[in-house]
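Take a look at the structure set out below.
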Amino acid sequence: MALNRAGDTSLLLGPADVPPVREYNADGRSPFLLTCDHYGRLIPRALGDLGLPESELVRHIGWDIGIAGVAEMLSQHLDAHLIVQRYSRLVIDCNRPPHVASSIPRISEATTIPGNEGIAREAKEVRRAEIFDPYHHRIDEVIDARRHNNLPTILLSLHSFTPIYAGIARPWHIGTLYQRDKVLPPLLLQALRAEPDLVVGDNEPYAVSDQTDYTIPVHAEARGLMNTGIEIRQDLISDQAGEKAWADRLARIFAEIEATLRTQTILPA
Ligand SMILES: [Zn+2]
């Protein structure tokens, strides 16, 4: 379908809706570029509440609880550029290839999403054009600009996971998620395992794949950038003290990793 992207032809986001993309510390000098696909849980006014009560919209099915605060503080601590997407993953999941069924889920965990049932192809295309595409185009642009300016880029894709999924309790405090990068994930795993109080997931609770992920395969792996996904358990970052503790811890760990990469001249010394 031909969507005219020039001019004010928005079919989904109206004047009362905020843009999907928000950026923090865009002039940050860190080699780490932070992304947050499930940062927000806004719903475009035109979609109402997707047929769900507030009690469902605030659950993990709607967004990555707690990660917003961690991401913002980590961006400050590392002096790193952070790019986030503010609409709920129930509107369109910005870490799914748009052609897979879970991109605009009919069911998430055990909750049926009435506003996504029987959705027309054109309506899917509009969600993609107005939320998914601007976010990923912006990440592309930023990586291109960094390359142009000879700034190295290491992508950190920040997420959080629910402590109990489909009745199963998850033991990990944090997980490192990866697929093709053989440099950064082992360094991160080693650093996390050196923390005496942590249960660390190695590609748990999820692993990255081309079928279930978008940000890492498309922006990092396809460009040959070092990268990792990070998943923090949501009950550990359910308040500001928890968010701060995890931002502080990750800032310390990534500063050490950056120093290691410079010593090994994987990054310019
Ligand atoms: Zn997520």
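Each residue of the sequence shown is one higher than the last, beginning at 1312 in my numbering.
For glycine and all other residues, C-beta sits at the position ideal for the given N, C-alpha and C.
Treat the numbers as computed from the prediction; the structure is a model and nothing was measured.
| request: Closer than 5 Å is what we want: which residues have a beta carbon that near any heavy atom of ligand 1? List them in chain order. | output: H1349, D1375 and H1470
| field | Supposed contact pair Y1525 and N1427 - C-beta distance, whole angstroms, cut 8 Å | value | That pair is no contact at about 18 Å.
| request: Report the option in V1411, H1447, Y1446 and H1448 whose CA atom is closest to the CA atom of R1432. | output: V1411
| said: Using 8 Å as the cut-off, can you tell me whether the region 1381 to 1395 makes contact with the region 1482 to 1500, which would need three or more C-beta pairs spanning the two stretches below that distance? | reply: no
| field | Selected residue, minimal CA-CA separation from L1389, among R1438, Q1575 and I1568 | value | I1568
| field | Spatial distance of L1495 from N1538 (CA atoms) | value | In this structure, the alpha-carbon of L1495 lies about 6 Å from that of N1538.
| request: Compute the beta-carbon to beta-carbon distance between L1500 and D1513, rounded to the nearest angstrom, for a pair I have assumed lies under 8 Å. | output: About 6 Å; that satisfies the 8 Å criterion.
| Rounded to a whole number of angstroms, what is the C-alpha to C-alpha distance between P1330 and G1373? | 18 Å
| task | Kindly examine ligand 2 and report whether one of its heavy atoms sits closer than 6 Å to the Cβ of K1493. | result | By its list of ligands, the structure shown excludes ligand 2, since it contains just ligand 1.
| message | Just list the residues that DSSP pairs L1368 with in beta bridges. | response | None, per the DSSP bridge assignment.
| query | DSSP beta-bridge partners for A1412? | reply | For A1412, which the question treats as bridged, DSSP gives no partner whatsoever.
| Shortest alpha-carbon distance to S1471 belongs to which of Y1398, G1478 and Y1517? | Y1517
| Looking only at DSSP bridge pairs, what is Q1396 linked to? | V1332
| Backbone CA spacing between L1324 and P1355 [nearest angstrom] | 6 Å
| query | In its own chain, which residues sit with a C-beta less than 8 Å from the C-beta of R1438, not counting the 5 before and 5 after it? | reply | L1323, V1402, I1403 and I1415
| Residues near I1577 in its chain [Cβ-Cβ closer than 6 Å; skip 5 each side] | none
| Where A1327 falls: helix, strand or coil (DSSP) | A1327 falls in the coil class under three-state DSSP.
| Nearest to G1478 by alpha carbon, out of V1510, L1462, R1560 and A1421? | A1421
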